[in-house]
Amino acid sequence: MYRKVKGTQDFFGIEAKKLRHLEGIIRAVIEKFGYEEIITPIFENTEVFVRSSGEESDIVSKEMYTFDDKGGRSLTLRPEGTAPVVRAFLENKLYARRALNKYYYFGPMFRYERPQAGRYREFNQFGIEAFGASSPYLDADVIISAAEIFKALGIENIKLKINTIGDFASRAAYSALLKEHFGKGISSLCDDCARRLDRNPLRILDCKIDRDNPLLKNAPKIEAVLSAEAKAYFQKVLKILDASGISYEVDPNLVRGLDYYTDTVFEFILESDDELGGLAVCAGGKYSDLVRSFNGPDIPGIGYAFGIERIIAIMDKQNLFPDLASRADIVLISLDEEAKEKALLLARALRGAGFYAELDYQNFNLKPQFRLSEQVDAKFLVIIGEEELKNKQLAVKNALTKEQELIPETKILEYFKENLN
Ligand code: HAM
Numbered sequence: 020m021y022r023k024v025k026g027t028q029d030f031f032g033i034e035a036k037k038l039r040h041l042e043g044i045i046r047a048v049i050e051k052f053g054y055e056e057i058i059t060p061i062f063e064n065t066e067v068f069v070r071s072s073g074e075e076s077d078i079v080s081k082e083m084y085t086f087d088d089k090g091g092r093s094l095t096l097r098p099e100g101t102a103p104v105v106r107a108f109l110e111n112k113l114y115a116r117r118a119l120n121k122y123y124y125f126g127p128m129f130r131y132e133r134p135q136a137g138r139y140r141e142f143n144q145f146g147i148e149a150f151g152a153s154s155p156y157l158d159a160d161v162i163i164s165a166a167e168i169f170k171a172l173g174i175e176n177i178k179l180k181i182n183t184i185g186d187f188a189s190r191a192a193y194s195a196l197l198k199e200h201f202g203k204g205i206s207s208l209c210d211d212c213a214r215r216l217d218r219n220p221l222r223i224l225d226c227k228i229d230r231d232n233p234l235l236k237n238a239p240k241i242e243a244v245l246s247a248e249a250k251a252y253f254q255k256v257l258k259i260l261d262a263s264g265i266s267y268e269v270d271p272n273l274v275r276g277l278d279y280y281t282d283t284v285f286e287f288i289l290e291s292d293d294e295l296g297g298l299a300v301c302a303g304g305k306y307s308d309l310v311r312s313f314n315g316p317d318i319p320g321i322g323y324a325f326g327i328e329r330i331i332a333i334m335d336k337q338n339l340f341p342d343l344a345s346r347a348d349i350v351l352i353s354l355d356e357e358a359k360e361k362a363l364l365l366a367r368a369l370r371g372a373g374f375y376a377e378l379d380y381q382n383f384n385l386k387p388q389f390r391l392s393e394q395v396d397a398k399f400l401v402i403i404g405e406e407e408l409k410n411k412q413l414a415v416k417n418a419l420t421k422e423q424e425l426i427p428e429t430k431i432l433e434y435f436k437e438n439l440n
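Using this note's numbering, read the sequence shown as starting at 20 and increasing by one per residue.
So, in structure tokens, the structure goes:
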């Protein structure tokens, strides 16, 4: 028996419906904010991710599914959606279409992480990217759109954490400050953090292992190196969120794991006591220099991504899915070869009229055909036997009332149009 690859999932039945159900709700919200769908390839040239996420990021240094194709090119299954969208934005000169460009995407992402609750090696994201304005109004509107999605899904107990990490110059200055600070107590840090000290000391701030280490609690704050402009920008974002009634917590330790961020960064975290508590359901931020670093024009961007599997898990826990089971309208039961042929033709006509019609393809006995109609929870059964064929009539049985009547073949569509909403 073959088994699925560790950290991947099969979606079938109700689980597949849940995924599509969410997609529908999210699409309806985000399209009202003016976002258009963009669909990019599942794999890209490896360089696209290395350049953007940063060589020292966890994603690039340990989590990418990278392989050489038969032409010797290094390709990578996308671990995230921002870099591919930026690549497509430039390659297709989408910036020439209009000043402000807003895109959204759904799709699978791949990261070689340790699988656990809410963490997979193949997972689905819904994300957005908006290009063309460096404005606290856009930042706030992006965050508002995420809050609207949580509201439309009905999800509660979500906390918004927000921070600013300033521009690249402030980040470099902050990195130097942190390096000095953490360098003093390196022996008290976990192995990962000791490694991060040289390469990316900002990441030590959001280490889960060293969370309670006093060295982290007493670390210098980004405020110390932020420019007056960056501080004013962030205050304005917060002011707009206040005016919009969006509550948040400023978390000076929130730095995010990808190198492309500048200024506003944020995460929506689930607050609960179970294994999902503390997980980020949606995360993102602004990236002023990413487009330029891909040799493009100087166009800022901002975006976020939701983890779809995490939304599903939370909605399951909070009981937010409606009944997604689909019931067949009609099951056609045939008692011989000739009737089976008639059943197939009739099913086609019924489907053409908008009904969900089902039939058994190989049995002529009643028992398996009744079993099928129970499995698909049919509302009506149509029974076709020798007698019915001869009289050009169909025996129609209401599965709920168990009443049965004979309907002339020519009247059958009309009958169901009347009796099925
Ligand atoms: P990220 O924080 O790496 O950001 O991922 C965004 C979200 O994807 C996470 O908050 C989480 O819900 C989900 N996620 C990440 N890894 C996994 C996993 N292994 N299993 C299940 N869910 C996962 C980004 O990807 C950025 N591209 C977001 C962004 C867009 N920033 C700007 N624009």
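Quick reminder that beta carbons are idealized off the backbone N, C-alpha and C, glycines included.
Computed from a predicted structure; not experimentally measured.
Look at ASP158 here: in three-state DSSP terms it is helix.
Taking 7 Å as the cut-off, the beta carbon of ILE223 is found no closer than this to the beta carbon of ALA213. By the Cβ-count criterion, LEU245 is buried, with 16 or more other Cβ atoms from all chains shown falling within 10 Å of its own Cβ.
The DSSP-derived three-state label of MET334 is helix. Per the DSSP secondary-structure output, SER93 pairs in a beta bridge with ASP87. Cβ atoms of PHE145 and PHE129 stay farther apart than 8 Å, at about 16 Å.
For ASP217, the closest alpha carbon among the candidates GLN135, LEU197 and ILE321 is that of LEU197. With a threshold of 6 Å, the Cβ atom of VAL300 counts as near ligand 1, since some heavy atom of the ligand is closer than that. Distance from the CA of SER76 to the CA of GLY276, rounded to the nearest whole angstrom, comes to 6 Å. GLU99 has its Cβ nearer than 6 Å to a heavy atom of ligand 1. Counting only unbroken stretches of 4 or more residues, the alpha helix (DSSP H) elements lying wholly within the segment 305–385 are 309–312, 327–336 and 356–371, in sequence order. Counting only runs of 3+ residues, the beta strand (DSSP E) found wholly inside the segment 381–415 occupies 399–403, in chain order. Taking a cut-off of 8 Å for Cβ pairs, the segment 151–162 and the segment 228–246 do not touch, as fewer than three such pairs fall below it. Of ALA324, LYS255 and PRO220, the smallest CA-CA separation from PRO239 is found for PRO220.
By the Cβ test, the segment 76–88 is not in contact with the segment 27–45, since fewer than three Cβ pairs between them sit closer than 8 Å. Looking at ASN182, ILE49, ASP282 and ALA115, the one whose alpha-carbon comes closest to that of SER189 is ASP282. When rounded, the separation of the alpha-carbon atoms in GLU428 and LYS386 is 24 Å. For the 7 Å CB-CB criterion, THR59 and PRO103 form a contact.
Between GLU294 and LYS180, the C-beta spacing is not below 7 Å. Non-local C-beta neighbours of PHE30 in its own chain, meaning closer than 7 Å and more than five positions away in sequence, comprise LEU38, ordered along the chain. Comparing alpha-carbon positions, the option among PHE187, PHE86 and GLU56 lying closest to GLU66 turns out to be PHE86. The straight-line gap separating the alpha-carbon atoms of LEU119 and PHE374 is approximately 43 Å.
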